[in-house]
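Heads up: the sequence shown at position 58 corresponds to 58 in UniProt numbering, and the numbers run straight through without jumps.
Just so you know, even glycine gets a beta-carbon here, dropped at the ideal spot from N, CA and C.
Owing to the predicted nature of the structure, the values given are computational and were not obtained by experimental measurement.
For reference, the structure is listed below as structure tokens.
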Amino acid sequence: MLTIAIVCGAGIATSALVAEQVRDHLTSRGRDAHVVQATVMDLLSADFHADLVVSTVGLPPALGIPQISGMPLLLGTNPQVTYDDIDRVLARIDGDTTA
């Protein structure tokens with residue numbers, strides 16, 4: 001099962017709000033994924049694994065995990081942009097696992 005990490009500074013309130021929206025989107029698409037809340041420090045841990053990160057903070061690209069901005073979800077400015085990005089990355093991951 002794919003894991004999507006929702007990352008904010010503290011990994012509590014902001015990530016909870018974004019995580020709920022991502023879960024709702026995945027459900028509406030009939031997708032099954034494990035959505036977890038995390039901090040930047042969690043991402044740096046050798047024990048942490050995620051297939052995709054949706055973040056409300058800047059992250060270094062060297063993490064080696066696809067990253068999407070969660071700010072449109074947090075601000076309510078244009079959430080569809082984030083949803084489209086999630087769908088695109090998940091489709092790419094699906095393509096990689098079936099190859």
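What's the gap between the Cα of Leu17 and the Cα of Val35? Translated into the one-based positions of the sequence shown, residue 17 becomes position 17. Translated into the one-based positions of the sequence shown, residue 35 becomes position 35. If you take the alpha carbons of Leu17 and Val35, they lie about 12 angstroms apart.
Quick one: what's got a C-beta closer than 8 angstroms to Ile93's C-beta in the same chain, skipping five residues either side? To locate residue 93, count along the sequence shown from 1; it is residue 93. Result list for Ile93: Leu2, Asp51, Leu52, Pro66, in chain order.
Taking the continuous beta strand (DSSP E) assigned at His34, which residues delimit it? In the sequence shown, residue 34 corresponds to position 34, counting from 1. Segment 33 to 38, the beta strand (DSSP E) holding His34.
Considering Cα atoms alone, identify which of Ser69, Ala10, Ala5 is closest to Asp84. Along the sequence shown, read from residue 1 onward, the residue named residue 84 stands at position 84. Selected option, being the one with the closest Cα: Ser69.
Compare the Cα-Cα distances from Ala19 to each of Asn78, Leu74, His49 and report the closest residue. Translated into positions along the sequence shown, residue 19 becomes position 19. Residue Leu74 is the option with its Cα nearest to Ala19.
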